[in-house]
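These notes concern the structure reproduced below.
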Amino acid sequence: MSDKTFDPKLTVFMLVKTSPEWLALSIDDRFARMRASFEPILRQHADAVRLRFYDAEFYTARLTDLWVWEAADHHAYELVVEALRETAFWDRWFSIVEIIPAVENAYATNYGRAPLAA
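For what it's worth, our numbering labels the leading residue of the sequence shown as 753, then goes sequentially.
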């Protein structure tokens, strides 16, 4: 899907923390498990949901990673979460610390204004 056609209506910041079980795996094993269980879900929903990974363990002990989801709509995001909950990623290899849904520039859109830009 082209970036020009993807217009996310929802952004979700998912704060996660790796489990000791996940960290005990070799790096090769971690990547293999991600490709086997996480990647098919991303591919299945690629037309409506995107994911970016950010590492945070360098700066905080509360979480290790921040997953930023962009979705075409709430239902598309919900379908991805339902699929993830059926894998070991959800609450076995990663603890979901917090989920923060947000709408980009809603403050401007709600008042018919252009958003501030830097």
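Beta carbons are placed, not taken as given, at the ideal position from N, Cα and C, and that holds for glycine.
### Query
Which whole-angstrom value is the C-beta distance of S778 and T839, which I expect to be below 8 Å?
Contact flag wrong, Cβ pair sits at about 19 Å.
### Query
With 16 as the cutoff for other CB atoms within 10 Å, does I793 come out buried or exposed?
buried
### Task
With DSSP as the reference, please indicate the residues paired to A872 in a beta bridge.
There is no way to answer for residue 872, as the model of the chain reaches only from 753 to 870.
### Message
According to DSSP, A823 sits in a beta bridge with which residue or residues?
### Response
L762 and V801
### Query
DSSP puts T770 in a beta bridge; with which residues?
F846
### Query
Assuming L767 and L836 make a contact with CB atoms under 8 Å, what is their CB distance in whole Å?
L767 to L836, Cβ: 15 Å. No contact.
#### Entry: Contacting residues, own chain, Cβ-Cβ under 6 Å from S771 (five flanking each side not counted)
W845
### Query
Where do the N-terminal and C-terminal ends of the alpha helix (DSSP H) with P792 fall, by residue?
E791 to Q796
### Task
Enumerate in chain order the residues of its own chain whose CB-to-CB distance from E791 is below 7 Å, with the five nearest sequence positions on each side excluded.
none
### Query
Whose C-beta lies closer than 7 Å to the C-beta of H826 among residues of the same chain, with five residues either side of it excluded?
L762
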